[in-house]
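Beneath this line is the structure, given in structure tokens, with notes to follow.
Number of protein chains: 2
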Amino acid sequence: MNIGDVAEASGLSAKTIRYYEDIGLIRPGRGENGYRRFSDTDLHKLSFLSRSRSLGFSIDDCRALLALYEDRERASADVRAVAQQNLARVEAKIAELEGLKATLSDLIGKCHGDTRPDCPILADLAAAPQS
Amino acid sequence: MNIGDVAEASGLSAKTIRYYEDIGLIRPGRGENGYRRFSDTDLHKLSFLSRSRSLGFSIDDCRALLALYEDRERASADVRAVAQQNLARVEAKIAELEGLKATLSDLIGKCHGDTRPDCPILADLAAAPQS
DNA sequence: GGTAAACCTTCCCCGGACTGGAAGCCCGGC
DNA sequence: GCCGGGCTTCCAGTCCGGGGAAGGTTTACC
Numbered sequence: 001m002n003i004g005d006v007a008e009a010s011g012l013s014a015k016t017i018r019y020y021e022d023i024g025l026i027r028p029g030r031g032e033n034g035y036r037r038f039s040d041t042d043l044h045k046l047s048f049l050s051r052s053r054s055l056g057f058s059i060d061d062c063r064a065l066l067a068l069y070e071d072r073e074r075a076s077a078d079v080r081a082v083a084q085q086n087l088a089r090v091e092a093k094i095a096e097l098e099g100l101k102a103t104l105s106d107l108i109g110k111c112h113g114d115t116r117p118d119c120p121i122l123a124d125l126a127a128a129p130q131s
Numbered sequence: 132m133n134i135g136d137v138a139e140a141s142g143l144s145a146k147t148i149r150y151y152e153d154i155g156l157i158r159p160g161r162g163e164n165g166y167r168r169f170s171d172t173d174l175h176k177l178s179f180l181s182r183s184r185s186l187g188f189s190i191d192d193c194r195a196l197l198a199l200y201e202d203r204e205r206a207s208a209d210v211r212a213v214a215q216q217n218l219a220r221v222e223a224k225i226a227e228l229e230g231l232k233a234t235l236s237d238l239i240g241k242c243h244g245d246t247r248p249d250c251p252i253l254a255d256l257a258a259a260p261q262s
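Just so you know, the sequences run in chain order A and B. Each residue of the first sequence is one higher than the one before, starting from 1 at the first, in my numbering. Each residue of the second sequence is one higher than the one before, starting from 132 at the first, in my numbering.
Laid out in structure tokens, this is it:
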């Protein structure tokens with residue numbers, strides 16, 4: 001399969017796939033014409049990467065997961081640990097955004113939002129130097 | 132005031148402040164020794180930027196907010212619109228992360244997490260090409 | 001057989017929003 | 001006169017690719 005085929009099949013762009021080869025996540029072969037040749041295993045890995053990335057795993061996470069994926073001997077607990085770290089990051093990010101949301105909602109609620117120039121939002125932004 | 136003073140007062144790093152000058156957010160004066168000289172107004176703007184950035188406003192948002200902040204004639208509704216766009220982005224991001232969290236929690240819950248090699252997490256990651 | 005489109009290759013620059021580091025002034029204190 | 005720290009500039013790097021140029025290859029069609 002050429003890069004366009006696996007791009008469509010995996011949902012990744014050709015650019016991204018070349019990048020993943022560049023950083024050593026995959027190692028496709030080459031045809032006589034210089035084109036990359038992807039095996040089914042390569043496609044499998046790319047689909048794996050596509051899904052993992054879309055779930056918020058970092059490239060380094062993916063590298064680790066891919067290594068675990070290829071290691072027939074690894075314990076499922078190892079995989080679980082990576083997933084749980086990611087979950088913790090997601091939850092922390094959500095909590096942070098909830099805080100932002102509360103502050104923003106509060107400010108927007110206070111602003112009368114008409115043609116008068118005074119605005120509590122700007123007043124607040126100007127007031128608190130280090131939140 | 133020198134850059135170190137306003138850095139401490141605003142909560143921004145000196146590097147960041149130079150960067151903000153670079154992209155035209157502030158225009159401090161210069162002393163005879165070549166050092167930047169910051170006025171109280173500059174410090175005020177930097178504090179404003181610090182707080183705005185920490186609330187998730189993009190640099191472009193900040194540029195707009197700063198212009199509104201300096202415009203004595205603007206309507207508070209204009210400011211409110213910028214804040215509301217930001218709030219919408221925050222809410223969308225939260226929703227997205229909640230989805231991730233649900234998927235991850237589900238996968239983690241399914242994994243027995245012991246020393247056996249088979250793991251539902253990897254099975255799922257490998258299975259769904261385009262989520 | 002010609003040719004045009006679509007595909008592939010490498011290459012380099014670009015973004016956001018900074019951060020780190022190196023080389024070199026400047027300033028205050030001892 | 002020297003030392004430490006602060007300031008200056010510039011260069012490079014981060015993360016994860018996107019955009020596009022310049023050129024080779026393959027395919028489809030007439």
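Each residue gets a CB set at the ideal place from its N, CA and C atoms; glycine is no exception.
Runs of the alpha helix (DSSP H) spanning 4 or more residues and lying entirely within the stretch 168–192 of chain B occur at 171–185, in chain order.
In summary, the residues of the stretch 218–229 of chain B whose CB is separated from some CB of chain A by less than 7 Å are Leu218, Val221, Glu222, Lys224, Ile225, Leu228, Glu229, in the order they occur in the chain.
Proximity of A/Val79 to chain B, defined by a Cβ-Cβ separation below 7 Å, is satisfied.
Residue range 145–153 is occupied by the alpha helix (DSSP H) that includes B/Tyr150.
The count of Cβ pairs closer than 8 Å, one atom from the stretch 99–109 of chain A and one from the stretch 210–225 of chain B, reaches three, so the stretches are in contact. By the Cβ neighbour-count rule, A/Asn33 is exposed, with fewer than 16 other Cβ atoms within 10 Å of its own. Contacts with chain A (Cβ-Cβ distance below 8 Å) from the stretch 137–168 of chain B involve Ala140, Ser141, Gly142, listed in chain order.
Residue state for A/Gly34 is assigned as coil, using DSSP reduced to three classes. Contact between B/Leu197 and B/Leu156 holds, with the beta-carbon distance rounding to 7 Å and staying under 8 Å. DSSP places B/Gly142 outside both helix and strand once states are collapsed to three, so it counts as coil. Its chain contains Leu65, Leu68 as the residues whose beta carbon lies nearer than 8 Å to that of A/Val79, once the 5 sequence neighbours on both sides are disregarded; these appear in chain order.
Looking at the DSSP output, A/Gly29 bridges to A/Arg37. Beyond the five residues adjoining it in sequence on each side, A/Arg53 comes within less than 7 Å, by CB distance, of Cys62 in the same chain, given in chain order.
Per DSSP, reduced to three states, the secondary structure at B/Asn133 is coil, with no helix or strand assignment. Taken through DSSP and simplified to helix, strand or coil, B/Arg205 comes out as coil. By the CB criterion at 7 Å, A/Ala77 and B/Gly187 fall outside the cutoff.
The DSSP-derived three-state label of B/Gly244 is coil. When the five nearest sequence neighbours on each side are left out, the beta carbons in the same chain lying within less than 7 Å of the beta carbon of A/Arg30 are those of Arg36, Arg37, in order along the chain. Counting only residues of its own chain and dropping the five nearest sequence neighbours on each side, A/Val82 has a CB closer than 7 Å to the CB of Asp61, Ala64, Leu65. In this model, A/Gly4 and B/Cys242 are separated by some 34 Å (Cα to Cα). In this structure, B/Ile190 lies away from A/Gln84, with their beta-carbon atoms at least 7 Å apart. Residues of chain B with a Cβ closer than 7 Å to the Cβ of A/Thr103 are, in chain order, Leu186.
The beta carbon of A/Asn2 sits closer than 8 Å to those of Tyr35, Arg36, Arg37, Phe38, all from its chain and outside the five residues before and after it, given in chain order.
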